[in-house]
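Student: Structure in structure tokens, see below.
Residue numbers (the UniProt record's numbering): 1 to 860.
In structure tokens, the structure reads:
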């Protein structure tokens with residue numbers, strides 16, 4: 001990067017110092033939602049303190065102030081986009097999605113079967129779900145939807161000669177309205193599609209499909225306008241939906257539809273809400289709309305305070321940045337640098353570290369936005385699942401986005417996922433937004449990073465260092481920083497789309513030449529030769545075939561239980577016992593309580609590592625739970641179940657179900673609040689509402705049709721093997737100067753049952769086990785999260801444990817197995833004891849079963 005450009009970037013970012021409460025976070029999901037500066041909130045709250053804003057539908061002084069301020073904001077929005085109220089009208093909505101839905105409902109569609117040729121709704125396949133979803137409304141109106149691939153629109157057959165354009169438009173004097181939608185910028189890859197398409201399509205020069213009639217254009221600008229200027233005085237699309245939080249970060253839940261006034265008289269509306277009627281009759285079918293299009297389409301009271309906040313958003317944006325053109329250059333420079341370094345990283349064998357999904361080479365900000373989409377590869381070229389990458393990024397306080405980003409069309413195009421693959425993946429249990437990232441060895445999604453106007457060069461460096469640290473054995477590998485690498489292209493982009501014709505899909509082999517990069521064209525580092533303890537197929541959750549014949553483990557040393565732990569309070573310290581009764585939810589009193597914040601949301605060590613310093617213990621004789629922590633008085637909670645003060649909460653990590661609980665009182669709430677330094681309460685699972693287990697592989701149960709759970713995340717029990725711990729310890733010792741003790745490692749994995757088996761990870765090949773009179777069925781492997789990085793004695797974090805586990809096990813961080821109890825229907829209480837022999841039954845005739853949940857499974 002040129003020194004002058006770096007100087008500009010550092011000068012630009014001085015304005016942001018201290019304004020953003022990023023708390024050590026490297027935030028790289030600006031395409032999802034950008035951050036807001038403190039000055040925006042300060043200006044907005046000061047405005048609210050000094051003014052009274054009433055309902056804009058009233059006629060009093062405060063309401064008149066609201067109405068006038070909103071009109072001023074409309075003017076500011078139009079000015080921001082280079083236009084005026086003579087050409088465009090602002091209709092406020094709840095967001096871009098609501099704006100798109102409004103277009104689908106109000107557009108003057110001509111249905112099939114009418115005298116005129118019917119309308120068509122065409123959309124680029126590289127579109128957000130909310131655009132594609134418009135076809136649901138058009139279908140109900142008997143209007144056909146036609147998806148168009150980017151390369152199809154760019155092909156010469158879609159560009160019509162002047163004579164053919166005239167003939168098509170004059171055919172039968174046809175005025176049938178058609179609508180074509182495309183994104184100004186792909187939210188998947190950051191590709192910027194030509195804004196010249198707007199006029200080309202409206203004039204008939206470019207034809208999505210050959211149909212007589214008149215074409216209107218919907219430009220989805222939500223992603224584009226977050227970091228790029230849009231001049232509607234030049235590029236006059238008919239509909240432009242936007243979301244303001246993409247631009248300012250605040251407020252959320254507010255968007256707008258900019259409507260070209262030339263189409264306003266054609267729009268239709270059936271429902272009318274408060275404030276939209278000039279007159280209507282309650283007892284007869286008479287309604288007359290208001291004259292203003294904005295008032296006619298803004299049903300009910302608009303979010304007037306949020307709209308007023310936009311004024312301060314524009315003020316702060318202009319003051320801090322100097323305008324959208326500077327934001328565009330700044331964010332692109334960061335993306336350009338990151339792309340060039342990322343694309344040149346290679347393993348010792350020459351294999352690339354990442355596969356980037358892009359339609360450009362990041363040389364020009366007019367065709368590429370500040371978004372980089374990629375997957376991380378291993379030395380053999382196999383994709384490392386996006387869920388695994390996100391998990392490791394979170395460990396480094398780096399926030400990224402993963403999946404398909406509500407853009408299935410682009411995801412299919414770049415990752416080579418067929419329509420049949422999508423349907424098969426659904427049958428395998430994969431749905432949009434979950435963490436099932438690899439099916440049959442192929443990725444279901446990818447990783448996306450994106451920059452915003454407050455992003456810094458340090459953010460880019462932090463991300464690149466994270467990739468190097470997690471993929472190479474030497475964490476101090478130097479990140480390339482060369483001016484020649486990041487030289488920006490300043491040449492104008494051809495207006496005919498030829499730039500894209502040669503790059504309809506970028507090969508992952510795009511690299512910088514050796515000459516450009518100097519003597520080192522890539523970062524080559526010798527990697528540690530670790531092999532996963534088990535193959536990937538063996539670590540995927542499996543189910544026992546109905547025809548399988550159980551095979552007992554034969555020969556070898558006996559397997560015994562070495563430790564038993566229960567965790568009375570979810571995510572707090574373990575209570576170790578030598579013998580303990582088994583209840584219908586697992587170990588008696590295991591995870592019966594949990595700590596919640598002031599909003600009723602469960603706290604875990606992910607948010608509050610100091611929870612591990614809270615030591616609960618159960619006294620069965622006195623029927624109390626004793627709670628201790630250093631520097632605090634000891635308190636106790638009765639084991640007797642009561643209904644005290646009821647509190648119903650929704651805890652998303654308890655099988656995504658609502659869990660009925662009751663509050664444990666003010667004394668315990670005060671104790672936890674004082675120790676943790678935040679407002680929180682202790683609650684207990686109510687006895688009359690138990691969480692239930694819903695898994696496909698529950699066919700071996702003998703006495704129960706459903707499995708009852710406490711406040712665990714996944715299953716009744718978690719089992720780990722000391723031999724597996726020892727193997728992991730070897731990997732960690734090779735990477736740490738001061739290796740961890742085995743007892744410390746055991747506690748980090750927060751298991752209920754610890755066993756000593758001769759072979760490491762042999763537990764992953766078991767179908768079921770018996771311990772004394774107890775019989776357990778294996779549910780599946782436990783995929784680990786960053787909680788194992790927390791020292792359970794001190795609360796301190798160490799990234800190395802999860803990184804070593806990831807390196808040792810390959811693409812998944814599985815460690816330990818989940819169990820569920822199969823009751824023996826005995827009248828005697830079941831007991832689990834240290835020293836008991838473990839008798840496993842091996843899997844046989846297994847079938848691969850995909851994970852059935854999108855949640856990250858870790859033992860809290």
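All C-beta atoms, glycine included, are put in the ideal place defined by N, C-alpha and C. In this text the structure is predicted, and so the values were computed from the model without any measurement.
Residue 132 by DSSP, collapsed to three states: which one?
Tutor: Residue numbering aside, residue 132 sits at position 132 when the chain shown is read from its first letter. The answer is helix: DSSP assigns residue 132 an H, G or I state.
Student: For residue 589, does the count of other Cβ atoms within 10 angstroms reach 16, so buried, or fall short, so exposed?
Tutor: Stepping through the chain shown from its first residue, residue 589 is reached at position 589. By the 10 Å Cβ count, residue 589 comes out buried.
Student: Taking only three categories from DSSP, how would you classify residue 431?
Tutor: The residue you call residue 431 lines up with position 431 of the chain shown. Residue state, collapsed to three classes: coil.
Student: With distance defined between alpha-carbon atoms, name the residue in 336, 293, 783, 751 nearest to residue 368.
Tutor: Residue numbering aside, residue 368 sits at position 368 when the chain shown is read from its first letter. With distances taken between Cα atoms, residue 368 lies closest to 336.
Student: In whole angstroms, give me the CA-to-CA distance for residue 461 and residue 630.
Tutor: Stepping through the chain shown from its first residue, residue 461 is reached at position 461. Stepping through the chain shown from its first residue, residue 630 is reached at position 630. So the two alpha carbons sit approximately 40 Å from each other.
Student: Count the other CB atoms, across all protein chains shown, that sit within 10 Å of the CB of residue 323; report buried if there are 16 or more and exposed otherwise.
Tutor: The residue labelled residue 323 in the question sits at position 323 within the chain shown. Classified as exposed, residue 323 has fewer than 16 neighbouring CB atoms from the shown chains inside 10 Å of its CB.
Student: For residue 293, tell me which candidate among 263, 321, 320 has the shortest Cα-Cα distance.
Tutor: The residue you call residue 293 lines up with position 293 of the chain shown. Of the candidates 263, 321, 320, the one whose C-alpha sits nearest the C-alpha of residue 293 is 263.
Student: DSSP beta-bridge partners for residue 754?
Tutor: The residue labelled residue 754 in the question sits at position 754 within the chain shown. Answer is 563, 720.
Student: Sort out for me which residues DSSP pairs residue 739 with in a bridge.
Tutor: Along the chain shown, read from residue 1 onward, the residue named residue 739 stands at position 739. Partner(s): none; residue 739 has no beta bridge.
Student: Exposed or buried, what is residue 780 when buried is set at 16 or more other beta-carbons lying within 10 Å of its beta-carbon?
Tutor: Translated into the one-based positions of the chain shown, residue 780 becomes position 780. When all chains shown are included, residue 780 counts as buried.
Student: Just verifying my parser: in three-state terms, what is the DSSP assignment at residue 870?
Tutor: A query on residue 870 cannot be resolved here, the shown segment of the chain reaching from 1 to 860 and no further.
Student: Out of 575, 719, 421, point me to the one whose CA is closest to residue 560's CA.
Tutor: One-based indexing of the chain shown puts residue 560 at position 560. Comparing Cα positions, the closest option is 719.
Student: Can you name the start and end residues of the beta strand (DSSP E) that residue 402 belongs to?
Tutor: Indexing the chain shown from 1 puts residue 402 at position 402. Counting along the chain, the beta strand (DSSP E) containing residue 402 begins and ends at 401-403.
Student: Might you give, ordered along the chain, the residues of its own chain that have their beta carbon closer than 7 Å to the beta carbon of residue 868, omitting 5 neighbours on each side?
Tutor: Here the chain comprises residues numbered 1 to 860, so residue 868 is not present and cannot be evaluated.
Student: Can you tell me whether residue 112 is buried or exposed, with buried defined as 16 or more other CB within 10 angstroms of its CB?
Tutor: In the chain shown, counting from the first residue as 1, residue 112 sits at position 112. Residue 112 is exposed by the Cβ-count criterion.
Student: Using a Cβ-Cβ cut-off of 7 Å (strictly less than) and excluding sequence neighbours within five positions of residue 135, which residues of its own chain qualify?
Tutor: On the chain shown, residue 135 is found 135 positions in, with the first residue counted as 1. Contacts found: 121, 145.
Student: Assign residue 359 to one of three DSSP states: helix, strand, or coil.
Tutor: For the purposes of this step, residue 359 is taken as residue 359 along the chain shown, with counting starting at 1. In this structure, residue 359 counts as coil in the three-state DSSP scheme.
Student: Specify the secondary structure class of residue 749 as computed by DSSP and reduced to three states.
Tutor: Here the question's residue 749 lines up with position 749 in the chain shown. Residue 749: coil per DSSP, three-state reduction.
Student: State the beta-bridge partners of residue 93 as determined by DSSP.
Tutor: Along the chain shown, read from residue 1 onward, the residue named residue 93 stands at position 93. DSSP links residue 93 through a beta bridge to 255.
Student: Under the rule that 16 or more other beta-carbon atoms within 10 Å means buried, what is residue 123, buried or exposed?
Tutor: Walking along the chain shown from the start, residue 123 turns up at place 123. When all chains shown are included, residue 123 counts as buried.
Student: Tell me which residue opens and which closes the alpha helix (DSSP H) that residue 792 is part of.
Tutor: As a position in the chain shown, residue 792 is number 792, starting the count at 1. It is not in any alpha helix (DSSP H) - residue 792 carries neither H nor E in the DSSP assignment.
Student: Near residue 466, which residues of its chain fall below 6 Å by C-beta distance, leaving aside the five closest residues on each side in sequence?
Tutor: In the chain shown, residue 466 corresponds to position 466, counting from 1. Contacts found: 396, 398.
Student: Alpha carbon to alpha carbon, how far is residue 863 from residue 376?
Tutor: Outside the displayed span of the chain (1 to 860) sits residue 863, for which this structure offers no information.
Student: Note down the Cα distance separating residue 174 from residue 197, rounded to an integer number of angstroms.
Tutor: What you label residue 174 is simply residue 174 of the chain shown in a count that begins at 1. What you label residue 197 is simply residue 197 of the chain shown in a count that begins at 1. C-alpha separation (whole angstroms): 22 Å.
Student: Below 8 Å on the Cβ atoms is my contact criterion, and I expect residue 321 with residue 453 to pass it. Report the Cβ-Cβ distance as a whole number of Å.
Tutor: The count along the chain shown starts at 1 and reaches residue 321 at position 321. The count along the chain shown starts at 1 and reaches residue 453 at position 453. With 8 Å as the limit, residue 321 and residue 453 qualify as a contact, their Cβ atoms being about 5 Å apart.
Student: Helix, strand or coil for residue 820? Go by DSSP, reduced to three states.
Tutor: As a position in the chain shown, residue 820 is number 820, starting the count at 1. Residue 820 falls in the strand class under three-state DSSP.
Student: Have a look at residue 784 and residue 749 and give me their C-alpha separation to the nearest angstrom.
Tutor: The residue labelled residue 784 in the question sits at position 784 within the chain shown. The residue labelled residue 749 in the question sits at position 749 within the chain shown. Each residue's Cα considered, the two are about 8 Å apart.
Student: Suppose you measure from the CA of residue 210 to the CA of residue 178; what does that come to, to the nearest Å?
Tutor: Indexing the chain shown from 1 puts residue 210 at position 210. Indexing the chain shown from 1 puts residue 178 at position 178. Spanning the two alpha carbons is a distance of roughly 11 Å.
Student: Could you check if residue 638 is buried or exposed, using at least 16 other CB atoms within 10 Å of its CB as the buried criterion?
Tutor: Residue numbering aside, residue 638 sits at position 638 when the chain shown is read from its first letter. Residue 638 counts as exposed, since fewer than 16 other beta carbons sit within 10 angstroms of its beta carbon.
Student: Could you check the C-alpha separation between residue 233 and residue 86 for me, to the nearest Å?
Tutor: Taking the chain shown and counting its residues from 1, one reaches residue 233 at position 233. Taking the chain shown and counting its residues from 1, one reaches residue 86 at position 86. Approximately 11 Å between the Cα atoms of the pair.
Student: Return the CA-CA distance between residue 714 and residue 216, expressed in angstroms with no decimal places.
Tutor: Locating residue 714 in the chain shown gives position 714, where the first residue counts as 1. Locating residue 216 in the chain shown gives position 216, where the first residue counts as 1. Between residue 714 and residue 216, the C-alpha separation is close to 51 Å.
Student: Beta strand (DSSP E) containing residue 770: first to last residue?
Tutor: Walking along the chain shown from the start, residue 770 turns up at place 770. Segment 766-771, the beta strand (DSSP E) holding residue 770.
Student: Here's the rule I'm using: 16 or more other beta-carbon atoms within 10 Å means buried, otherwise exposed. How should residue 291 be labelled?
Tutor: As a first step, residue 291 must be located in the chain shown, where it is residue number 291. Exposed is the call here.
Student: Would residue 746 pass as a contact of residue 778 if the rule is Cβ separation under 8 Å?
Tutor: Against the chain shown, residue 746 aligns to sequence position 746. Against the chain shown, residue 778 aligns to sequence position 778. No.
Student: If the criterion is Cβ atoms closer than 8 Å, does the pair residue 364 and residue 187 meet it?
Tutor: As a working note, residue 364 is residue 364 in the chain shown. As a working note, residue 187 is residue 187 in the chain shown. Going by C-beta atoms, residue 364 is not nearer than 8 Å to residue 187.
Student: Alpha carbon to alpha carbon, how far is residue 596 from residue 608?
Tutor: Along the chain shown, read from residue 1 onward, the residue named residue 596 stands at position 596. Along the chain shown, read from residue 1 onward, the residue named residue 608 stands at position 608. Their backbone Cα atoms lie some 11 Å apart in a straight line.
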